[in-house]
Amino acid sequence: MSRFEPIAKLLAKDRKGHTLPRELYVSEEAHQFDTQVMLKSVWLYACTVAHVKNPSDYFVFELANNSIIIVRGRDMQVRAFWNSCRHRGAKICLEQKGRAPRLMCPYHQWTYGLDGALLAARSMADDFDKKDHGLNPVAVENVGGLIFICMADNPPPIDRVKADIAEQIAVYDLEKLKVVVQDDYIEDANWKLVMENNRECYHCDVGHPELISVLGTYGFGKGLPEDGEGDVVDDRDYDALVAAKREHWRSLGIDHDLIEFPDGWWHRVARLALANGAVTQSIDGKLACKKLIGPFTEPETSSLSVWTQPNSWHHFCCDHVVTFSLTPIAADRTLLRTSWLVHEDAVEGVDYDLDHIAALWRATNTQDGHFSAINHQGIANDGYQQGRYAVEEKLVEDFKDFYVDRAKAALKDAQA
């Protein structure tokens, strides 16, 4: 029997409109499968170009025991390599981010260029050729300034994702932004539950008073004019609001139709009107940075939201960008990484305050951490049974379907 045959049997128990079997959320076997097989077979969001803004900047993305160096070369290209020396395998970059004119192994000082080429290796035999011992590359794609990596030998297609996302976020010009805050938050829940929690706002009315005061609940599984859910929520007022704003959005070149996981792809893009006169996603709805970004010369009361399966979501406002990624670190622990970006010329204390810019999503992340934790605790209970999704939790089921489909495909490839 294959090592992951029990996972195949659990996947076979998937039910349309229902949550996953318990063991796929809480077992160590599922955690090992997710981190060693399934997540290595798909594209994962790792960081933005602003995280490696200048030549020699590097950023380390980690999934379980796998460590990837993402580095900006002197030619301004972003590349990715396994964080493992070609000599005897030592980890090269020990810090999560930093700057290095060359990548040097701290063990025996083998030295690599920013393009991965081996530059120096002491006392090797005469037949040793440095050209054959460069860093092993990892597939990397720049999607409009969002950096995705894939650890598979034959990565799946990404062209449709690149086209759809890059077209809409290009106006925000992430190359001209800088990262001013990065929070790494550990949630006491399985990564799939953290993702599922993000994919719905069924809990928002009670769970996120700060968030819905500026963002509202429309666009997260209910209430978009395009989503055909008039039977779920009376969204006529929201429809009228969006219709009134579309002419202004067209004048700025930012009006696009909803993209919602088209043709089995793994991305969603939606421009959402903000609530209660808010001009950005801040704790009070007021500008979080005085220096606007992209095409905006005055505050604009909408934000662009981008979701990708299986590990990210992003919000683009007129004054800042906030990005989220998650990676599993145990069956019941997940790293949620949140980064806030502003214009590269913005000055702290003059144009923005760090606490103010981060306050809204810090509060929301803490609240979501609580909900994900109690969700995990309840599923670990012997009384758990696969539950039925509410109609407005359709984005949760979209994520679950993606997970099941990719998990089955990864199992098939692993057994081939």
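Each residue of the sequence shown is one higher than the last, beginning at 911 in our numbering. Where is the CB? At the ideal position from N, CA and C, for every residue including glycine. No experiment lies behind these values; they were computed from the predicted model shown.
With contacts defined as CB atoms closer than 7 Å, Tyr955 and Thr1218 qualify as a contacting pair. When DSSP states are grouped into helix, strand and coil, Ser1192 belongs to the coil group. Between Val1306 and Glu1106, the C-beta spacing is below 7 Å. In this chain, His1118 is not harboured by any alpha helix (DSSP H), its DSSP state being neither H nor E. For His1280, no pairing in a beta bridge is given by DSSP. With a minimum length of 3 residues, the unbroken runs of beta strand (DSSP E) contained wholly in the stretch 977–1052 fall at 988–992, 1007–1009, 1028–1030. Per DSSP, the unbroken alpha helix (DSSP H) holding Lys1310 starts and ends at 1304–1325.
With 16 or more other CB atoms across the displayed protein chains lying within 10 angstroms of its CB, Pro931 is buried.
The shortest C-alpha to C-alpha distance from Gly1044 to any of Lys1318, Ala1268, His997 is the one to His997.
Following the DSSP letters along the chain, one finds Phe943 in no beta strand (DSSP E) but inside the alpha helix (DSSP H) bounded by residues 938–943. Close CB contacts of Leu1087 within its chain, under the 7 Å cut and outside five residues either way in sequence, are with Ala960, Ile1203, Val1231, Leu1251, Val1252, His1253, Glu1254 (chain order). Following the DSSP letters along the chain, one finds Gln1092 inside the beta strand (DSSP E) bounded by residues 1087–1097. C-alpha of Cys1003 to C-alpha of Tyr968: approximately 9 Å in a straight line.
Counting only runs of 3+ residues, the beta strand (DSSP E) found wholly inside the stretch 1164–1237 occupies 1177–1183, 1212–1218, 1222–1226, in chain order.
When Ala1241, Asn975, Cys957 are compared, the shortest CA-CA separation from Ala1000 is found for Asn975. Less than 7 Å separates the beta-carbon of Asp924 from that of Val1314. Ranking Ser1213, Pro1205, Glu1157 by CA distance to the CA of Arg1181 puts Ser1213 first.
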